[in-house]
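Those sequence lines, one after another, are chains A and B.
Just so we're aligned: 40 in the working numbering is position 40 of the first sequence, and the numbers increase by one with no gaps anywhere.
Just so we're aligned: 419 in the working numbering is position 419 of the second sequence, and the numbers increase by one with no gaps anywhere.
Reviewing the structure listed below.
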Amino acid sequence: MSGTGNTVGTRGLVLNEPLIFGQGSPGRVGYSLPPSDVPEKKAEALIPRRLLRDGIPGLPEVSEVDVIRHYTRISQWNYCVDLGFYPLGSCTMKYNPRINEDMARLPGFAKAHPYQPEELSQGALQLMWELEQYLADVSGLDRVTLQPSAGAHGELTGLMMIRAYHTSRGNPRSKVLIPDSAHGTNPATSALCGYRVVPVKEGPRGVVEAKAVAEVMDEEVAAIMVTNPNTLGLFEENIVDVAKIVHAKGGQVYCDGANLNSVMGISRPGDWGVDVIQINLHKTFSQPHGGGGPGAGPVALRKHLAPFMPFPTVEKKGNRFVLDYQRPKSIGKVRAFAASFGVLVRSYTYIRSMGAAGLRRAAEVAILNANYILSQLKGVYHLPYDRHCMHECVFSDALQARNDIHTLDIAKRLIDYGFHPPTIYFPLIVKGALMIEPTETESKETLDQFIAAMRRIAQEAQENPEMLRLAPHNPRVTRMNETKAAREPKLRWQPGR
Amino acid sequence: MRYIPNTDADCRAMLQAIGVRSVEELFGDIPPAVRLKRPLKVPPAMSEPEVGRHLRALAAQNADADRYSMFLGAGCYNHFSPAIINHLVLRGEFLTPYTPYQPEVSQGTLQALYEYQSLVCLLTAMEVSNASMYEGASATAEAVLMAQRVTGRNEVVLARAVHPEYRTVTRTYASQLGISFREVPFTEAGVTDPTQVRKALGEKVACLVVQSPNFFGGIEDLPQLAEAAHAVGALLVVAVAEPVALGLLKPPGECGADIVTAEGAGLGTGLNYGGPAVGFFATREKFIRHMPGRLVGQTVDREGRTGYVLTLATREQHIRREKATSNICTSESLIANMSGMYMVTMGPQGLREVALLNLRKAAYAKEQLAKIRGCSLRFTGPTFNEFVLRTKRKPGEVLTGLLKRQIIGGLDLGRFYPELKDCLLVCVTEQNSRTEIDALAKALGGGR
Numbered sequence: 001m002s003g004t005g006n007t008v009g010t011r012g013l014v015l016n017e018p019l020i021f022g023q024g025s026p027g028r029v030g031y032s033l034p035p036s037d038v039p040e041k042k043a044e045a046l047i048p049r050r051l052l053r054d055g056i057p058g059l060p061e062v063s064e065v066d067v068i069r070h071y072t073r074i075s076q077w078n079y080c081v082d083l084g085f086y087p088l089g090s091c092t093m094k095y096n097p098r099i100n101e102d103m104a105r106l107p108g109f110a111k112a113h114p115y116q117p118e119e120l121s122q123g124a125l126q127l128m129w130e131l132e133q134y135l136a137d138v139s140g141l142d143r144v145t146l147q148p149s150a151g152a153h154g155e156l157t158g159l160m161m162i163r164a165y166h167t168s169r170g171n172p173r174s175k176v177l178i179p180d181s182a183h184g185t186n187p188a189t190s191a192l193c194g195y196r197v198v199p200v201k202e203g204p205r206g207v208v209e210a211k212a213v214a215e216v217m218d219e220e221v222a223a224i225m226v227t228n229p230n231t232l233g234l235f236e237e238n239i240v241d242v243a244k245i246v247h248a249k250g251g252q253v254y255c256d257g258a259n260l261n262s263v264m265g266i267s268r269p270g271d272w273g274v275d276v277i278q279i280n281l282h283k284t285f286s287q288p289h290g291g292g293g294p295g296a297g298p299v300a301l302r303k304h305l306a307p308f309m310p311f312p313t314v315e316k317k318g319n320r321f322v323l324d325y326q327r328p329k330s331i332g333k334v335r336a337f338a339a340s341f342g343v344l345v346r347s348y349t350y351i352r353s354m355g356a357a358g359l360r361r362a363a364e365v366a367i368l369n370a371n372y373i374l375s376q377l378k379g380v381y382h383l384p385y386d387r388h389c390m391h392e393c394v395f396s397d398a399l400q401a402r403n404d405i406h407t408l409d410i411a412k413r414l415i416d417y418g419f420h421p422p423t424i425y426f427p428l429i430v431k432g433a434l435m436i437e438p439t440e441t442e443s444k445e446t447l448d449q450f451i452a453a454m455r456r457i458a459q460e461a462q463e464n465p466e467m468l469r470l471a472p473h474n475p476r477v478t479r480m481n482e483t484k485a486a487r488e489p490k491l492r493w494q495p496g497r
Numbered sequence: 001m002r003y004i005p006n007t008d009a010d011c012r013a014m015l016q017a018i019g020v021r022s023v024e025e026l027f028g029d030i031p032p033a034v035r036l037k038r039p040l041k042v043p044p045a046m047s048e049p050e051v052g053r054h055l056r057a058l059a060a061q062n063a064d065a066d067r068y069s070m071f072l073g074a075g076c077y078n079h080f081s082p083a084i085i086n087h088l089v090l091r092g093e094f095l096t097p098y099t100p101y102q103p104e105v106s107q108g109t110l111q112a113l114y115e116y117q118s119l120v121c122l123l124t125a126m127e128v129s130n131a132s133m134y135e136g137a138s139a140t141a142e143a144v145l146m147a148q149r150v151t152g153r154n155e156v157v158l159a160r161a162v163h164p165e166y167r168t169v170t171r172t173y174a175s176q177l178g179i180s181f182r183e184v185p186f187t188e189a190g191v192t193d194p195t196q197v198r199k200a201l202g203e204k205v206a207c208l209v210v211q212s213p214n215f216f217g218g219i220e221d222l223p224q225l226a227e228a229a230h231a232v233g234a235l236l237v238v239a240v241a242e243p244v245a246l247g248l249l250k251p252p253g254e255c256g257a258d259i260v261t262a263e264g265a266g267l268g269t270g271l272n273y274g275g276p277a278v279g280f281f282a283t284r285e286k287f288i289r290h291m292p293g294r295l296v297g298q299t300v301d302r303e304g305r306t307g308y309v310l311t312l313a314t315r316e317q318h319i320r321r322e323k324a325t326s327n328i329c330t331s332e333s334l335i336a337n338m339s340g341m342y343m344v345t346m347g348p349q350g351l352r353e354v355a356l357l358n359l360r361k362a363a364y365a366k367e368q369l370a371k372i373r374g375c376s377l378r379f380t381g382p383t384f385n386e387f388v389l390r391t392k393r394k395p396g397e398v399l400t401g402l403l404k405r406q407i408i409g410g411l412d413l414g415r416f417y418p419e420l421k422d423c424l425l426v427c428v429t430e431q432n433s434r435t436e437i438d439a440l441a442k443a444l445g446g447g448r
């Protein structure tokens, strides 16, 4: 009934493993530290007794073996890119090269201190400076701040710079235009920057129309935030005209660069008229997602916004690289120290390994892979916008809904077949959306297996809908009671409970 | 290209199946005028051995804590990380999944994060922790925004002994939200002045922000500060830039803190020239719905088996959009889990022992350095693993002199505090041997 035939989903030996709390026994240790080589003064002799703690009750006492087993066992309950196809739309789940990990761990990078003298940090600064040049050229813009730690952090930085720019010209303005298909971070970021969100509806072709922007554009609009390619996987074909309309009234064009992977080396945001774009290094530039970070969200910008960049910036003076903290118009800082440097090392290594031609090839193959899936599943699943796509294709559950099978059921059943589900129920403008982004690091065979599984599921939706509603059947656990989790929040283990 | 499996033949077969002749046809929507007609200005691809050689050459130009005696802390601390932590986070199952949106196939990350949340609560003695923020400074900024939401007040009192960059980040984050700041000075003991705090506090104040150990290594009297804040209905936000101290110090949760943030990179991750890092964020249960960031909760599956999910998402941007408690999406799961692994590996005994080593070594260094002619301790109060040394010679010159002996001697405080321009901030951790400390003392004393 729940069999998955000749696809990759199966069950290996997966071990149960309880929480770490309550494991081990008193006196068991997993660490090793040298004995003190200085006088062993009592803590009370150095710090007033009332500011000291007695212990940390509840912390487990386990051996090194216990720790390895615990985390190895639970790790095996995760699906991941290393295991197989992870077509999570808008997340660009490409392969994460291992050489990048090795490079980030070189002592000269991993054991360097952010405040050590510049003359003893030239390698790190050179890497950052070069990375800025590469990202500037990929985006077609003038400068890049490497400081933000994630995409949404980059959005915040970018929008703050836009606000500072407008403020310097006498009026910060009050509104930001955001298409309905945008990521939730865009409106949340606008609110953090003190802006009111004005939604813009997409036209019938799934892209923003110049006319719609012109209707709402006025001199109180600070910026438009547009994702391009957008979350339907479509290139915003009117972006050049949209940018002109926004610029004519003094507004700025912010591009959410979450989907940059499909245009790098092919077309550049700066050439579209974009003034600011954040670049998610954990999407386009292969930083591993780590189960939700660390990432980095450098922000590329046009010259006129450069005075507002967070400090420090990396500058080249002759043959030396320096950190410039003297930036009187800067918005300030969005994190301590210069950047999430280890992430930058990985992306730099990736860029040097790919080269100019490799980056463009990655974009092309990402587009090809997405369109291949689109062409093979069209008709089997409803395609709300029937045209070629860029890096991802968006289907819906409209055909399966006739059998009362919905996106969630399809997604969960994919797990049985050995695939991570696509992004589901997003973008919000497509009811029951299934957003599939294969990336360039998947082979045709993998795509064919995925396509076969999706077709089987469409068939199962007609023949055996009840089984789909109970999917997934293979994992160690099945669908979770999310209502219970939210109604009776249990957010931690507690001693004695 | 080894990361792109499809060959030209594979691509041709796919193009044929799609019914187009070239990839260009697929991106026909890109107006020809804005297509790039030249290769990117990125050097040609390097092979794996070449790229390794190139990166090693760059790395070799940097000083590092293996080759130098590192006495620099200031918010980024050189601590030992057990080997197993690096090995565990390199497992693809932890390294390469996305945020755990599909709980059935993400139980590893989810359980590890649930344990992390629990561990943060135990370490800080707070009631609830989120699943991580970017790093300590922005977590502190988010704490201030949360205090504004909780209290509906718009004034913030910031201790000047809080890390200067944490203060800058907090002001940057708050710049558009109508929050005004007042900074309170430190005393000759090197801690926040309680009299000035009381003066600055009032009924419009959302929170008091302090750091303990503070930027100078000084241990703040948190119970006293909490009392002062609570007396006017303000929250106490405690930033902990050096959580190793919590192996010994009374945890902020037992001192009346309402929100605790911390920089967790020192717990297992390391320096990395400042990042990646992880921001701990913990608070009281009654404030859960005001919290920023992801939360992992325990529940059951359809068969009644225990499992974990992301929960209370109605606070978050993907549901609430412009009404969300924060715009954060990707946070620092892997680094959070590294700090969880560190806490578990060290256990209660190890966390105490490593904190004691830091305290004792710093105390020894303090004693030795204070004896040197032309050097004296700037402050009188108790410290953890950092302290402020006043030097007769210009601190910049002192530090440059030390470099010749492979010693990175600390931070020139004039960089952040004009009034301390004759001072060095010196940090001593379990990584510094007595021999290193003696060498530092000798070098400072002008000995050979």
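We treat Cβ as the ideally placed atom computed from N, Cα and C, and that holds for glycine.
Using the rule of at least 16 other Cβ atoms within 10 Å of the residue's Cβ for burial, across every protein chain shown, is residue i buried or exposed?
i        : result
A:Ser121 : buried
B:Thr7   : exposed
B:Lys250 : buried
A:Leu301 : buried
B:Arg2   : exposed
B:Pro82  : buried
B:Gln117 : buried
B:Glu303 : exposed
Quick one, are the C-beta atoms of residue i and residue j less than 7 angstroms apart?
i        : j        : result
B:Leu110 : B:Pro100 : yes
B:Arg360 : A:Val38  : yes
B:Leu236 : B:Ala229 : yes
A:Ile436 : A:Pro87  : yes
B:Gly410 : B:Lys421 : no
B:Cys423 : B:Val388 : yes
A:Gly151 : A:Gln278 : yes
B:Val128 : B:Ile319 : no
A:Ser262 : A:Ala366 : yes
B:Pro5   : A:Ser443 : yes
A:Leu434 : A:Thr407 : yes
B:Leu444 : B:Ile372 : yes
A:Leu146 : A:Leu344 : yes
B:His163 : B:Ala241 : yes
A:Asn403 : A:Ala461 : yes
Name, please, each residue of chain A whose Cβ falls closer than 7 angstroms to the Cβ of residue i.
i        : result
B:Asp66  : Pro107, Lys111
B:Arg405 : Here the premise fails: no neighbours, minimum Cβ distance about 13 angstroms.
In chain A, which residues lie with their C-beta within 8 angstroms of the C-beta of residue i?
i       : result
B:Pro44 : Gly355, Ala356, Ala357
B:Met1  : Met354, Gly358, Arg361, Ala362
Chain B partners of residue i, CB-CB under 8 angstroms?
i        : result
A:Glu564 : Look at the range of chain A in this structure, 1 to 497, and you will see that residue 564 of chain A is not part of it.
A:Leu234 : Asp29
A:Asn481 : Thr299, Val300, Asp301, Arg302
A:Gly55  : Pro348, Arg352
Below 7 angstroms on C-beta distance, what does residue i contact in chain B?
i        : result
A:Trp129 : Those do not exist, as A:Trp129 stays about 11 angstroms from chain B at its closest Cβ, beyond 7 angstroms.
At a CB-CB cut-off below 9 angstroms, which residues of chain B make contact with residue i?
i        : result
A:Asn96  : Gly92, Leu95, Thr96
A:Glu219 : Simply none; closest approach about 19 angstroms.
Please determine whether the Cβ atom of residue i lies at a distance below 6 angstroms from any heavy atom of the ligand MG.
i      : result
B:Tyr3 : With respect to small molecules bound, the structure shown includes none, and the ligand MG cannot be examined in it.
Touch test, the region 105-118 of chain A against the region 63-78 of chain B, Cβ-Cβ under 8 angstroms, three pairs minimum: In short, these stretches touch, since the Cβ pair count reaches three.
Closer than 7 angstroms, Cβ to any Cβ of chain A: which residues of the region 93-105 of chain B, in chain order? The region 93-105 of chain B vs chain A, Cβ under 7 angstroms: Glu93, Phe94, Leu95, Thr96, Pro97, Tyr98, Thr99, Pro100, Gln102, Pro103, Glu104, Val105.
Proximal residues, the region 68-86 of chain A versus chain B, C-beta separation under 9 angstroms: Shown in chain order are the members of the region 68-86 of chain A whose Cβ falls below 9 angstroms from a Cβ of chain B: Ile68, His70, Tyr71, Thr72, Arg73, Ile74, Ser75, Gln76, Trp77, Asn78, Tyr79, Cys80, Val81, Asp82, Leu83, Tyr86.
Indicate whether the contact test is met: 3 or more Cβ pairs, each with one atom in the region 237-249 of chain A and one in the region 7-17 of chain B, closer than 8 angstroms. Result no; under three Cβ-Cβ pairs closer than 8 angstroms.
At a Cβ cut of 9 angstroms, what residues of the region 138-155 of chain A count as close to chain B, listed as they run along the chain? Listed by position, the residues of the region 138-155 of chain A near chain B (Cβ gap below 9 angstroms) are Val138, Gly140, Pro148, Ser149, Ala150, Gly151, Ala152, His153, Glu155.
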